[in-house]
Amino acid sequence: MLGGSILYWMYRDFPFSSLDNLLWNEMHWEWMFLSFIPGIFAQVFRGLRWRQALDPMGEHPRRSTCINAIFVSYASSLIIPRSGEIIRCGILKSHDSTSFGKSLGTVITERIVDSFLMLLLTGAVLLYQLPVILEFFNLTGVGFTGLLQRFTPTGIFVTILCGCLIAVMVIFAIKQFSVARKIKDVLRDIIEGILSLKKVHNIPLYLFYSVGIWVSYFLHYWLTFYCFDFTAHMGITAALISFCIGSIAVIVPTPNGAGSWHFAVKTILVLYGLNQIDAVAFALIVHSVQTLLLIALGVYALIALQFIYSKNANIGKEDTT
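Encoded structure:
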């Protein structure tokens, strides 16, 4: 709903008739297809890193299952935002008997690591191109002073009080149910998963995967600039800043950041001199094609997982005969 509203507002006057010529006569598709390679590698790195985090806890899912679970998670999040994190843990549980709680805990750790790396990158970009970032906030109606003024002492106190009351109610409810022991076991597994980083055997490899994920994401985005004559000349700085701002925008719970990502990327590109029509066309085409890639990978992964499941089931039947 939110993403659709933003998209409608952005594209209500857009000349969609111009897209046909842009897509089939002017666009350099070889660059788009080339961008698929780092896009796929980003998810492969994520699957390998996930498996590495689970290994020291006695969980040994197959590489293929971890990678395919990542593919499915991104595709499923297009339907229900943020559902992929739960679904991929469920896939490991059903296919490789991996502890759901432990895998979910490692996912939380992943997000902390990714957020830290993204903050480092964004911080560096802020320092490097601060005037552009400030102009972005001015154009979008978001000012740092205005944000700070919203956090009054009374509001902070009420928020903390409500949070404490909710926490007390949840703890009390858990203690009243017979499933308290099971919930405690799941929570223990989740906490163990969250603390998995300190148990990882090869920290340099874990960091390599983590950095590789974000380098791949950036290349996946940057290479699309060369698909269009109007963005090919813009350079790596414009790509890097629009990538960072776009990555922050996808925090908004819409399918693949639809709407918020388009608006953020369009605004940055306009600040760097691109005209409004070309900027919104770029955002629409790039996001749409990359979303189709996520869907294709998700479908492939579902087929691959089903094939592996059927193969293992047949082997199990042969062993029992």
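Letter by letter, the sequence shown follows residues 99 to 419 of my numbering.
All C-beta atoms in this analysis are idealised placements derived from N, C-alpha and C, irrespective of residue type, glycine included.
From a predicted model like this one, the values you see are computed outputs, not experimental measurements.
Query: Boundaries of the alpha helix (DSSP H) in which C164 is found, first to last residue; Result: 161–174
Query: Segment contact, 8 angstroms Cβ cut-off, at least three pairs: the segment 361–375 with the segment 343–350; Result: yes
Query: CB contact flag (C187, L202, <8 angstroms); Result: yes
Query: Nearest-angstrom Cα separation, counted from L105 out to G357; Result: 5 angstroms
Query: Inter-residue CB distance, N354 and T322 (contact presumed, cutoff 8 angstroms); Result: Incorrect: roughly 15 angstroms between the Cβ atoms, too far for contact.
Query: Own chain residues within Cβ distance below 8 angstroms of P154, not counting five before or after; Result: S294, K297, V298, H299
Query: Cβ distance (whole Å) where I168 is taken to contact R144 below 8 angstroms; Result: 5 angstroms
Query: Euclidean distance between Cα positions of Y407 and S195; Result: 12 angstroms
Query: Closest Cα partner of G156 within the set D287, L132, F361; Result: D287
Query: Three-way DSSP call (helix, strand, coil) for S276 in this model; Result: With a pLDDT of only 47 at S276, under the threshold of 50, the placement of this residue in the model should not be trusted; the figure read from the coordinates follows. Coil, per DSSP.
Query: Buried versus exposed, by CB contacts within 10 Å (16 or more), Y319; Result: buried
Query: For L305, the nearest candidate out of L146, E124, I184 (CA to CA); Result: L146
Query: Backbone secondary structure at F328 - three-state DSSP; Result: coil
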